[in-house]
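S.K.: Chains as they are written, first to last, in my numbering: chain V, 1 to 597; chain R, 1001 to 1597. Provided herewith is a single structure, encoded as C-alpha cells, for subsequent inquiry.
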C-alpha cells in the first residue's frame, strides 16, 4: 500500500539526540528509524523496521543458498544447558538472569550454542545425518556495561547466528568455507566494505577464527592491515622475531647507578648524558627492556604474578596480553608483589625473575613458585642487548644480553602493534585502522559437543563427538554500519536494495494540480512494485520537504514543482546528487528502471 | 532454493510427546514443526517457522491495508511505565521481572499498551496527527501458571498487538470498526472459522469489547451462541429478567422446620414430602433461592463479604461473578463471617442481609457496614416467590416474596448460563460451546492515556486526553488453531496459503530413473515459484514416505512410482483425499495451477 507522509508514523527531528556521538546514531534517531526505549534498548519505528528486514532478508537468502536451514529459538531459556557449559557463570554481569514463578533459573540468551547443540543431539544420531547447518535471525540480549552508539552496541539486538555440525575436521573446514563465502556475498550485496581479519580463537578452543570488520573511524575494534593484503585483529598479530645474533663483542653486563630514572624517557636521557655509547649513536627507548609486573587471574581465582618484558619503545597492549594468556590480566598490586622481594618496582628487569632466578622452585609436578614466570616479547632473541632494571633501587644493568645474562620462561605477544611493524606474512608494513565488527566466523571444535554430549555413530559404528562451527552476523549492527557508510551531512543515503522506500515523491507547490500529478506518479510507481513514500503534506513548505527527503535518505526523489506547467518533473539521485528534468509521461518508466522494478 | 528431505532439518516422530493432549500439539511436535525448550517455551523448527511466517504475513497485509503502521518494540523493558499504570503490580506472578547489572527493574513485556502510549506522546501533539494506528508482530512473555497445549498457551509466544489513537469517541468507534473488519478478513483468508463474542470490557475501562473465538472442543474458553446469531462470553451474557408479578394471592411468608435440608436437593425432597403445594405441582430447585456468602477482594486488600442469591437450580459461575464485580472473589471463610451473626451457613436467605436488615449501618459518606450487601440474580424480580434459608439453624422461609418480604442492594450476573436460556437480544435459546481465543479487540478508552498523560491539542487549542483501542491476535496460537482445524488422524493437512510447502514430491521406487524424474518435476515447480519439499531419500521405504507426506501435511503430493513406465505420475490432494494419474509432461502446469503460481 502507498504510504503517505501525512499519515505515516514518522516525525523527523531537528536536534541530534543528546546521547548520540556517531553519525549513524544521530541520523537514525533524527530521521525516525529507531527510538531509544532504555539504555542500549531501541524501538524499531516503521522506517527502521523496513530497513532492518531488508538487511535480514539478504542474510537469509545467502544462508538458504548454502543449505543452512532456518529455525528460531526462544530468547527466554532455562539455565541448565548454560550451567552445563559453565557459561551461566562465565558470562558474569553480561547475562540477564531471572527466575520464573516456580523459582527456576532462566536467562535471556546472548547466543545459542547450547540450544543448537542440544537440538541436533535430540534429532540426529548418525554420521549420515551430517553435515548439517542451522541458523536463526533472532533477538539477543547482553547486559553490556557500556551500551554505545545507538544500535551499534545495544543490550537487545538482532543477530543471525549459524552453527555447523560435522563428524570430522575436514567437514568442519568445508562448512567453514561455505559460510565464509556466504559472508562475502552478503556484505558485497549490501555494498558494505569489509576486511576479513584473523582473530584469536581464544578460550573457545577451535582453530580458525576470522572477523569481518567494516573499516570505519568510529569503530570500537582496532585491527591492522598491510598493503599486501594481510589483516588481523591486534590480538591475533604475531611478531616477526629477528634472527639471533652473535654477542661475542658485547661487553659484560654492568650495573650502573641511575638515580631518578623511573621512566623509560628519564632512563634514556640519563644514559645519553652519563653513559654515551662509544660509537656515538644515541641511546633510544628501543634499547631498553621494560618490565611489567602483572597478575593473571586463573579460572580458580588464583592470581599468578608474571613478569612481562617488552622493548622500552612500546607499551603493553593489555588485550593482546590477555588474548595470549587466555586469561584476564590486571596490573600486579603491592599485595601481589609482597611474596617476591626480588621485584623492585621501577627498577625491575629480566634478571629479577625467570627460570635462573635463585628463588625459583620447580615442584615435582612441574609447578613453578618462588620466582614469577618471565615472559618477553618475541623480539628479545638470543644475542640482543638491553638496558634493564637491575632489581636494585636506583640501578639499571647495561649490556644485558638475552641468552647470555638472562633466560626467560617464554615469549609472549603483549607489545602493542605500531604502524610500520612488518606483517607476519611478509606482505609489507602494518598500519592500524579501526572498524566495526559486523561478522565473526570461527571453528568451535568439540567444546560444546563434549560438554553436552553430542555424539553420532561414524561409518564404523563408533561413537564420535561432533565438531562445530559458529557463524554470527549482528544484523541490527550491520544496519548501523550501512548508515555510517551511506550518509552525508544532510542525512541518510541508502542504496536501493536496503532503502525502506525506493522513491520519495513530493509536490513542492500548494496547488491541487501539483499534488494530484505527484499522487498519480506515486500510485503508478507503487503499482509497479516500487516502494514509494509519498509526501502529500499540504501545509509543509518546500524547504522542509527537501530537508526531510535528504534526511530520510531514499535513493531517488521525484519532485513536482513549477516545471509541471511545461510537463516536466525533477528526478534527484540522493547518492549521486544528480538532478534532471524528465517529462511527466516518462518518469515512471525511468525511475522504475533505476530501482530495478 | 529447493529443500530436500535428505538434508532438511526435519525428523518426524512416531510417538506423541508425553505431555501432549490436544491434536495440534501432538502433530506439530511429531511432524517436526515445533519442539519444547522449557515449559510453555518452544523452538520453531524450519517447517513451523515457515508456517508461522505465512500466518504473520496475512495479518501484516491486512493491518497495512487499513493504514496501520508496523513498529517493533523491545521485549525487555524498564519497569517505570508499567509502574505508572500499576500493571507492574497488577500482573502478579504472570509477569517475568528481572534486574539489570545496575540493579534497575526490568520486565519482559506481556503487552505494550504503555510503550505505544509513550511513543505516540513522544512524537504527536495535535489533533491533526490523529487518528493513528500502530501495530507490531512480536515475541511476548507471560509466566502462565499452567502453560498448556503446546503453542496454544505458551509463556513465550508471537502476538500481533495494535493500538488506535483518536481525539474523540467517534474516532475510536471508526478505528475499532476498521480493525474489526480487518480481523474478519484475516480469519477468512486463513480459512479459520470464527465467532465474534461480546466480551466484558471489565477493569480496562472502555466500552466495546469483542473476542474472536475459533469454535473447538478443546478450547479453554466457554461461550454461548443462539441460532439467531448472538454470541458472547459467558461473562458478558446478560440475564433476561421476567416482568414483575402481582403477589396479592401469595400467602404470607412462613418459617418452617426443615431439619437436615442442608442442600437444595434435600430441601426440595423434604418440601415435597412435608409441605406439598396445594395445586399439586411439585416443588423444584427453581423454587428455591440459594444464598452464597462470598468475599470480594478490593484493590486495597479489604475483603468485602457479600450475599449472592441465585435460583436454586443454578450454580454460581465464579468467573461471571468476578467479571460483574470487577473484583477477585473467594468463598467467604468462617473468619470472614464472624462479624455477621445473622448469617447461618446452610440456612442463609435474603432476609439475613441487605438494606432492610436491622444490623445495617449506612455512614454519612454512604459506606455500608453491619450487614453485608445482598446482590441477587436479575430473575429475582418483584413478586417472585421463593423458598429460602431463614437465618435460623434447621429452618427455611416459604412464600417469601421479593419486594414484599425482602429487599436487596442490587442485582448481579453471577448465575451460570444454562443451555436453553434465552439470548438477551431475543435471538433464541442459548447453547454453550467451547473455543480458542484467537483475537480480542476492545476500546481501552482513556485509561492509559490518562495514566501516562497522553494529550493533544484539539481544534480549539484545548488539551484533550487521547482515547485508545487495543487489538490483539495470538499469531502462534492462531497457527495451532489452524492445525486443529486442518488435520485428520494421519497428520496435518494445511490449506495452500499457510502450508510451509505447497507440494511434496517423492519418488517411491529405488530406481535412479524415478528419482531423476521426481527431481526434474520438483525443480521445475520450484522455478515457477511453487514451494516444494522434495523427498530424495534413497534408503527410505515407500510406506515411510507416504506416512511422512501425510503427517507433514502439504496440500499436494506428487508421487513418482510404477506408472512412470507409462509416462504417468500420481497427484494426491491431502485435504480432498483425491488421487489422479497425470502425464509427466502435464503435472507441473496442473499443480502450479492448483497452488496459484
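Cβ coordinates follow ideal geometry from the N, Cα and C atoms, glycine included.
Give the interface partners of residue 1001 of chain R over in chain V, defined as CB-CB distance under 7 Å, in chain order.
M.R.: Your numbering for residue 1001 of chain R matches position 1 in the second chain. Neighbours of residue 1001 of chain R on chain V, chain order: 64, 65.
S.K.: For residue 274 of chain V and residue 479 of chain V, what's the separation of their Cα atoms in angstroms?
M.R.: Translated into positions along the first chain, residue 274 of chain V becomes position 274. Translated into positions along the first chain, residue 479 of chain V becomes position 479. Those two C-alpha atoms are separated by around 59 Å.
S.K.: So, residue 76 of chain V versus residue 1141 of chain R, is the Cβ gap smaller than 9 Å?
M.R.: Counting from 1 along the first chain, the entry for residue 76 of chain V is found at position 76. Counting from 1 along the second chain, the entry for residue 1141 of chain R is found at position 141. It is a contact, given that the beta carbons lie within the stated cut-off.
S.K.: Helix, strand or coil, according to DSSP, for residue 1298 of chain R in the structure here?
M.R.: Indexing the second chain from 1 puts residue 1298 of chain R at position 298. The answer is coil: DSSP assigns residue 1298 of chain R none of H, G, I, E or B.
S.K.: Looking at chain A, is there any beta carbon in it that lies within less than 9 Å of the beta carbon of residue 1500 of chain R?
M.R.: Among the chains of the structure shown, chain A does not appear; the protein chains present are V and R.
S.K.: Is it buried or exposed, residue 1361 of chain R, if we count other Cβ atoms within 10 angstroms and call 16 or more buried?
M.R.: Against the second chain, residue 1361 of chain R aligns to sequence position 361. So residue 1361 of chain R counts as exposed.
S.K.: Can you name the residues that DSSP bridges to residue 369 of chain V?
M.R.: Here residue 369 of chain V refers to the residue found at position 369 of the first chain. DSSP lists V:361 as partners of residue 369 of chain V.
S.K.: Can you tell which of V:79, V:513, V:260 has its C-alpha closest to the C-alpha of residue 1038 of chain R?
M.R.: For this step, residue 1038 of chain R is matched to residue 38 along the second chain. Comparing Cα-Cα distances from residue 1038 of chain R to each of V:79, V:513, V:260, the minimum goes to V:79.
S.K.: If I measure Cβ to Cβ from residue 1562 of chain R and keep anything under 6 Å in the same chain, skipping five residues before and after, which residues do I get?
M.R.: On the second chain, residue 1562 of chain R is found 562 positions in, with the first residue counted as 1. No residues qualify anywhere along the chain.
S.K.: Could you name the residues of chain R that residue 146 of chain V contacts, counting a contact when the two beta carbons are closer than 8 Å?
M.R.: As a first step, residue 146 of chain V must be located in the first chain, where it is residue number 146. Going along chain R, no residue has its Cβ under 8 Å from residue 146 of chain V, so there is no contact; the nearest lies around 11 Å.
S.K.: Residue 62 of chain V: buried (16+ other C-beta within 10 angstroms of its C-beta) or exposed?
M.R.: Along the first chain, one-based indexing puts residue 62 of chain V at 62. So residue 62 of chain V counts as buried.
S.K.: Would you mind working out which of V:267, V:139, V:164 sits nearest residue 156 of chain V, comparing C-alpha positions?
M.R.: Within the first chain, residue 156 of chain V is the residue found at index 156, counting from 1. Per the Cα distances, V:139.
S.K.: Bridge partners for residue 136 of chain V per DSSP, in chain order?
M.R.: Counting from one through the first chain, the residue named residue 136 of chain V turns up at place 136. Its beta-bridge partners are V:161.
S.K.: Which value, in whole angstroms, describes the spacing of the CA atoms of residue 1091 of chain R and residue 1110 of chain R?
M.R.: As a working mapping, residue 1091 of chain R is identified with position 91 in the second chain. As a working mapping, residue 1110 of chain R is identified with position 110 in the second chain. Rounded to whole angstroms, residue 1091 of chain R to residue 1110 of chain R spans 9 Å at the Cα level.
S.K.: Decide if residue 1460 of chain R is buried, meaning its Cβ has at least 16 other Cβ atoms within 10 Å, or exposed.
M.R.: In the second chain, the residue the question calls residue 1460 of chain R occupies position 460. Exposed.
S.K.: Going by the DSSP bridge assignment, what does residue 1044 of chain R pair with across the sheet?
M.R.: As a first step, residue 1044 of chain R must be located in the second chain, where it is residue number 44. Residue 1044 of chain R is bridged to V:72, R:1034.
S.K.: Assuming residue 1464 of chain R is part of the beta strand (DSSP E), what are its boundary residues?
M.R.: Along the second chain, read from residue 1 onward, the residue named residue 1464 of chain R stands at position 464. Start and end: 1463 to 1465.
S.K.: Please state if the CB of residue 1531 of chain R and the CB of residue 1518 of chain R are separated by a distance shorter than 9 Å.
M.R.: If you number the second chain from 1, residue 1518 of chain R lands on position 518. If you number the second chain from 1, residue 1531 of chain R lands on position 531. Their beta carbons are not under 9 Å apart, which means residue 1518 of chain R does not touch residue 1531 of chain R by this criterion.
S.K.: Count the other CB atoms within 10 Å of the CB of residue 203 of chain V; is the residue buried (16 or more) or exposed (fewer)?
M.R.: In the first chain, residue 203 of chain V corresponds to position 203, counting from 1. In this prediction, residue 203 of chain V has a pLDDT of 45, which is less than 50 and means its spatial position is unreliable; nothing more can be read from the coordinates.
S.K.: Three Cβ pairs or more, each shorter than 8 Å: is that satisfied between the segment 447 to 464 of chain V and the segment 115 to 126 of chain V?
M.R.: A contact exists between the segment 447 to 464 of chain V and the segment 115 to 126 of chain V.
S.K.: Looking at C-beta atoms only, is the number of pairs between the segment 1227 to 1246 of chain R and the segment 1415 to 1429 of chain R that lie closer than 8 Å three or more?
M.R.: Yes, they touch.
S.K.: Counting only Cβ pairs nearer than 9 Å, list the residues of chain V close to residue 1483 of chain R.
M.R.: Translated into positions along the second chain, residue 1483 of chain R becomes position 483. Going along chain V, no residue has its Cβ under 9 Å from residue 1483 of chain R, so there is no contact; the nearest lies around 18 Å.
S.K.: In this structure, does DSSP put residue 1188 of chain R in helix, strand or coil?
M.R.: As a first step, residue 1188 of chain R must be located in the second chain, where it is residue number 188. It is helical.
S.K.: Using the beta-carbon count (16 or more within 10 Å), is residue 1 of chain V buried or exposed?
M.R.: Walking along the first chain from the start, residue 1 of chain V turns up at place 1. Exposed, by the Cβ-count rule.
S.K.: Go to residue 83 of chain V, then tell me how far its alpha helix (DSSP H) extends in each direction, as first and last residue.
M.R.: Locating residue 83 of chain V in the first chain gives position 83, counting from the first residue. Looking at the DSSP string, the run of the alpha helix (DSSP H) that includes residue 83 of chain V is 80 to 84.
S.K.: Just verifying my parser: in three-state terms, what is the DSSP assignment at residue 1025 of chain R?
M.R.: Taking the first residue of the second chain as 1, we reach residue 1025 of chain R at position 25. The answer is helix: DSSP assigns residue 1025 of chain R an H, G or I state.
S.K.: Just grab the DSSP bridge partners of residue 255 of chain V for me.
M.R.: Counting from one through the first chain, the residue named residue 255 of chain V turns up at place 255. Its beta-bridge partners are V:397.
S.K.: Have a look at residue 234 of chain V and residue 222 of chain V and give me their C-alpha separation to the nearest angstrom.
M.R.: Taking the first residue of the first chain as position 1, residue 234 of chain V is located at position 234. Taking the first residue of the first chain as position 1, residue 222 of chain V is located at position 222. In a straight line, the C-alpha of residue 234 of chain V is about 6 Å away from that of residue 222 of chain V.
S.K.: State the DSSP-derived secondary structure class of residue 1324 of chain R, mapped to helix, strand or coil.
M.R.: Translated into the one-based positions of the second chain, residue 1324 of chain R becomes position 324. Residue state, collapsed to three classes: helix.
S.K.: Any beta-carbon of chain V closer than 9 Å to the one on residue 1071 of chain R?
M.R.: In the second chain, counting from the first residue as 1, residue 1071 of chain R sits at position 71. Interface residue, yes.
S.K.: Can you find a C-beta in chain R that's less than 9 Å from the C-beta of residue 9 of chain V?
M.R.: Position 9 of the first chain, counting from 1, holds the residue named residue 9 of chain V. Yes - at least one Cβ of chain R is within 9 Å of the one on residue 9 of chain V.
S.K.: Give a yes or no on whether the minimum CB-CB distance between residue 106 of chain V and chain R is below 9 Å.
M.R.: Within the first chain, the letter at position 106 stands for residue 106 of chain V. Closer than 9 Å: yes.
S.K.: For residue 286 of chain V, I'd like the list of residues in its chain whose CB is within less than 7 Å of its CB, leaving aside the five on either flank, ordered along the chain.
M.R.: Mapped onto the first chain, residue 286 of chain V falls at position 286. Result list for residue 286 of chain V: 311, 312, 313, in chain order.
S.K.: Excluding five sequence neighbours on each side, which residues of the same chain lie with their C-beta closer than 8 Å to the C-beta of residue 1351 of chain R?
M.R.: Within the second chain, numbered from 1, the residue matching residue 1351 of chain R stands at position 351. Taken in chain order, the residues that qualify are 1357, 1388, 1390, 1391, 1397, 1400, 1405, 1406.
S.K.: Ignore the nearest five residues each way along the sequence and tell me which others in residue 1108 of chain R's own chain have a CB closer than 6 Å to its CB.
M.R.: Stepping through the second chain from its first residue, residue 1108 of chain R is reached at position 108. Within the same chain, residue 1108 of chain R has close Cβ partners 1075, 1096, 1141.
S.K.: Opposite residue 292 of chain V in the DSSP bridges: which residues?
M.R.: The sequence position of residue 292 of chain V within the first chain is 292, counting from 1. In DSSP, residue 292 of chain V forms a bridge with V:308.
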